[in-house]
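The sequence shown begins at 16 in the working numbering and counts up one residue at a time. Each residue gets a CB set at the ideal place from its N, CA and C atoms; glycine is no exception. Since the model is a prediction, treat every value here as computed from it, not as a measurement.
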Amino acid sequence: MDSEAEEFFTEFYPRLAGWCRGLVDDDATAHDIASEAFTRLWSRWRTVDRPESYLFSVAANLVKDHWRAREHERSAVRGLLAGRREHAPAADQGFDLRSLVEALPKRLRVPVLLYYYAGLPVSEIAAVLHRRPNTVKGDLHQARERLRTALRGLHEIST
Numbered sequence: 016m017d018s019e020a021e022e023f024f025t026e027f028y029p030r031l032a033g034w035c036r037g038l039v040d041d042d043a044t045a046h047d048i049a050s051e052a053f054t055r056l057w058s059r060w061r062t063v064d065r066p067e068s069y070l071f072s073v074a075a076n077l078v079k080d081h082w083r084a085r086e087h088e089r090s091a092v093r094g095l096l097a098g099r100r101e102h103a104p105a106a107d108q109g110f111d112l113r114s115l116v117e118a119l120p121k122r123l124r125v126p127v128l129l130y131y132y133a134g135l136p137v138s139e140i141a142a143v144l145h146r147r148p149n150t151v152k153g154d155l156h157q158a159r160e161r162l163r164t165a166l167r168g169l170h171e172i173s174t
């Protein structure tokens, strides 16, 4: 690995692992995702124009895959419990913003993760996702509206 790549890793690994940790609530999984994202970046190191954006985009997709796998596991467990009991308990009576973000379509979810959770500017997100900045802004607006509507449905929120 060249010195530029080593410096990049030293600077961004803690930030990426911390960001992943906030999304998956597990240190080991966060480090696995961060490591995998760097592995994928290293395979394209010389051809990636914006390594930080590429890194966070890969990590966002890996987090999404992790969430999907966890939901499949929860569904399987609920199915097993429902078979044993007449009335299986509801998963969570409260709301979890992360689960609301998970429920967004990919077109809206990835910009939300990159903008609000990774702190990337709209211009970087647009470049990584091959969209125009105004499209990204529109997607973020639509995502906020969907989240606001979902939150109103769960709790009485006045605007």
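For Q157, the closest alpha carbon among the candidates P120, R113, R55 is that of P120.
In summary, L38 is buried, with 16 or more beta-carbon neighbours lying within 10 Å of its beta-carbon over all protein chains present. By the CB criterion at 8 Å, L77 and F53 fall outside the cutoff. In the structure shown, P120 adopts coil according to DSSP, grouped into three states. Contact between Y130 and V137 is confirmed by a C-beta separation of about 7 Å, below the 8 Å threshold. Assignment of beta strand (DSSP E) within the segment 140-174, counting only whole runs of 3 or more residues, yields no such run. Around the beta carbon of A84, a 10 Å sphere encloses fewer than 16 other beta carbons of the protein chains shown; the residue is thus reported as exposed.
The beta carbon of V63 is closer than 7 Å to those of L56, Y69 in its chain, skipping five residues each way along the sequence.
Annotation: K79 to G168 spans about 24 Å, alpha carbon to alpha carbon.
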